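Notes follow the structure.
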Amino acid sequence: MKKIAFVLGMTGQDGPYLSKFLLEKDYTVYGLVKRYSNPNLANLKFLGIENDVELVTGDITDDNCLNHLIKSIKPDEYYNLAAQSFVGASWDLNKTTSEINALGALNSLNAIKLHNPNTRYYQAGTSELFGNSGNDMQDEDTPFQPRSPYAVSKLYAHWMTINFRESFSIHASNGILFNHESPIRGKEFVTRKITDGVAQIKCGLSDKIILGNLDAKRDWGFAGDFVEAMWLMLQQDEPDDYVVSTGTQNSIHDLLNLAFQSVDINDWEKYVETSPAFKRPAELHSLCGNNAKAKRVLGWEPKTSFKELVSMMVEEDIKRYTK
Ligand code: NAP
Ligand code: G4F
């Protein structure tokens, strides 16, 4: 019998990469898509899987809808990747962010408990939980100090996942994922904003990129590598929580250097401006994940270097402007 996976967040970045990975493992993949007047399946099309997944209409904030879908799909594995995932927007959208990210996780866990308790649950957690921890590297034992409404909403989902595991024996795991990017990353996130901006500059379509805090440091990996760790968590006998990261850190200056270098521009400073409009009410300065547990228990390793990731993203953005 083919295994059935239900992926929420199907139109985003990770949903399509995870679905492609699961299809290659011969899963039947259902994907939740919100109702739109103009559906956006561009990311599924980019990976060539738009006709291989079963799309169902729904919304994670609608508990009736999830109850009905769990009853009818009866998934073996449920990947909750649905979110208002842009930290920068979460101050203005704090209620929406909480309804989707926090209560959406609760709706999911309740639907599983009530209608198919053997479904294994993956919660898309985040390194944003750590805040400005003060540690050089963060691991599963680092205390959480969330600094944005986004991070606070994900903290609720993190603990609710653990609560359902401990109270009702649901196989529910938290992936605490550090930043991961790809050519289908949303253009508001800093990596894609830069690679898209560099591509436009290279193609003569623009002459500047306007950014916020250039001193922030992140542990950036490739989404295509990270989705394997999500799947591996649900293959373990026991549910647990894992940091997933590359263990290397770069600054936005490093990102700019590599992105511009990949198109042979070495004097990038003249193309980059900063504006307070892209700064946040509370910044998170430095993140770098210790992935020892994921390596040891899951046997997971990141495969793509930061340099390869940035080149891949710039290359794809240039293709989009030169088609
Ligand atoms: P993304 O590109 O922003 O995708 C989010 C997805 O959630 C989209 O498909 C979006 O649909 C969907 N969604 C939003 N509101 C929904 C609702 N009410 N009901 C159902 N679906 C809804 O995010 P991502 O980068 O793929 O990340 C996947 C998950 O991992 C998110 O939970 C994110 O918070 C978490 N995470 C991401 C990273 C990272 O670096 N990428 C790191 C740690 C954790 P629409 O497009 O239709 O709005
Ligand atoms: O690319 P970002 O918007 O990603 P951020 O805030 O780290 O969040 C992403 O990763 C999290 C995991 O740690 C996920 F949970 C979350 O869903 C999302 O995927 O910003 C990265 C850094 C920040 O410090 C920001 O202030 O880049 C800085 N930055 C500087 N200029 C900018 C800009 N960020 C954006 N988006 N746009 C700018 O112009």
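The sequence shown begins at 3 in the numbering used here and counts up one residue at a time.
Think of the CB as a built atom: it goes at the ideal place given N, C-alpha and C, for glycine as much as any other residue.
It should be emphasised that the depicted structure is a prediction, and the values quoted were computed from it without experimental measurement.
Nearest by alpha-carbon distance to residue i: which of the options is it?
i, options, result
"Trp222", "Cys67, Thr250, Lys210", "Thr250"
"Lys195", "Gln147, Asp242, Phe88", "Phe88"
"Val55", "Asp61, Gly11, Leu68", "Gly11"
"Lys325", "Gly136, Val246, Cys205", "Cys205"
"His287", "Val9, Glu317, Ser110, Leu216", "Leu216"
"Gly127", "Asn109, Asn293, Ala85", "Ala85"
"Val246", "Lys47, Met139, Ala113, Asp61", "Met139"
"Gly60", "Arg282, Tyr32, Arg149, Leu234", "Tyr32"
"Asp143", "Asn292, Gly301, Val35, Met315", "Asn292"
"Asp158", "Leu95, Val229, Ala107", "The sequence shown places Tyr at residue 158, rather than the Asp named in the question. Selected option, being the one with the closest Cα: Ala107."
"Leu25", "Lys4, Ile320, Glu285, Tyr123", "Lys4"
"Glu271", "His255, Val192, Lys295, Gln238", "His255"
"Ser175", "Gly90, Gln125, Ile203", "Gln125"
"Asn45", "Gly90, Gly199, Ala225, Lys210", "Ala225"
"Ile62", "Ile114, Asn181, Glu52, Glu285", "Ile114"
"Leu116", "Leu300, Leu68, Leu105, Lys297", "Leu68"
"Leu111", "Leu95, Val154, Trp161, His182", "Trp161"
"Ser100", "Phe48, Leu71, Ala153, Leu49", "Ala153"
"Arg167", "Asn120, Val229, Asn181, Pro283", "Asn120"
"Ile6", "Ser169, Thr13, Ser74", "Ser74"
"Val265", "Gly199, Glu190, Leu34, Thr163", "Gly199"
"Thr248", "Pro145, Glu303, Leu57", "Glu303"
"Ala294", "Leu260, Ala231, Asn252, Pro241", "Ala231"
"Val274", "His173, Tyr19, Lys22, Leu213", "Leu213"
"Gly17", "Lys47, Thr197, Thr98", "Lys47"
Going by DSSP in three states, residue i sits in which element: helix, strand or coil?
i, result
"Phe170", "helix"
"Arg122", "strand"
"Leu20", "helix"
"Arg149", "coil"
"Ser129", "helix"
"Asn96", "helix"
"Leu179", "strand"
"Arg194", "helix"
"Glu79", "strand"
"Arg187", "coil"
"Ala85", "coil"
"Lys219", "strand"
"Leu213", "strand"
"Leu10", "strand"
"Gln15", "coil"
Answer with buried or exposed for residue i, where buried requires no fewer than 16 other C-beta atoms within 10 angstroms of its C-beta.
i, result
"Arg220", "buried"
"Arg322", "exposed"
"Asp227", "buried"
"Pro276", "The question names Pro, yet the displayed sequence has Thr at residue 276. Label assigned to Thr276: exposed."
"Arg187", "buried"
"Glu79", "buried"
"Arg149", "buried"
"Gln237", "exposed"
"Ala279", "exposed"
"Leu207", "exposed"
"Gly133", "buried"
"Lys76", "exposed"
"Asn82", "buried"
"Pro41", "exposed"
"Ser307", "exposed"
"Gly301", "exposed"
"Gly136", "exposed"
"Arg122", "buried"
Does residue i get closer than 8 Å to chain B when you measure Cβ to Cβ?
i, result
"Tyr244", "Among the chains in the structure shown there is no chain B, since it carries only a single protein chain."
Could I get the ranges of all uninterrupted alpha helix (DSSP H) runs contained in the stretch 234-310, with 4 residues as the minimum, in chain order? For secondary structure counted as the alpha helix (DSSP H) over 4 or more consecutive residues, the stretch 234-310 holds these complete runs in sequence order: 254-263.
Which parts of the stretch 24-67 are runs of the beta strand (DSSP E), unbroken and 3 residues or longer, counting only runs that do not cross its ends? Complete beta strand (DSSP E) runs here, min 3: 30-35, 56-59.
Taking 5 Å as the limit, tell me which residues put their C-beta closer than that to any heavy atom of ligand 4, in chain order. As far as ligands go, the structure on display features ligand 1 and ligand 2 and does not contain ligand 4.
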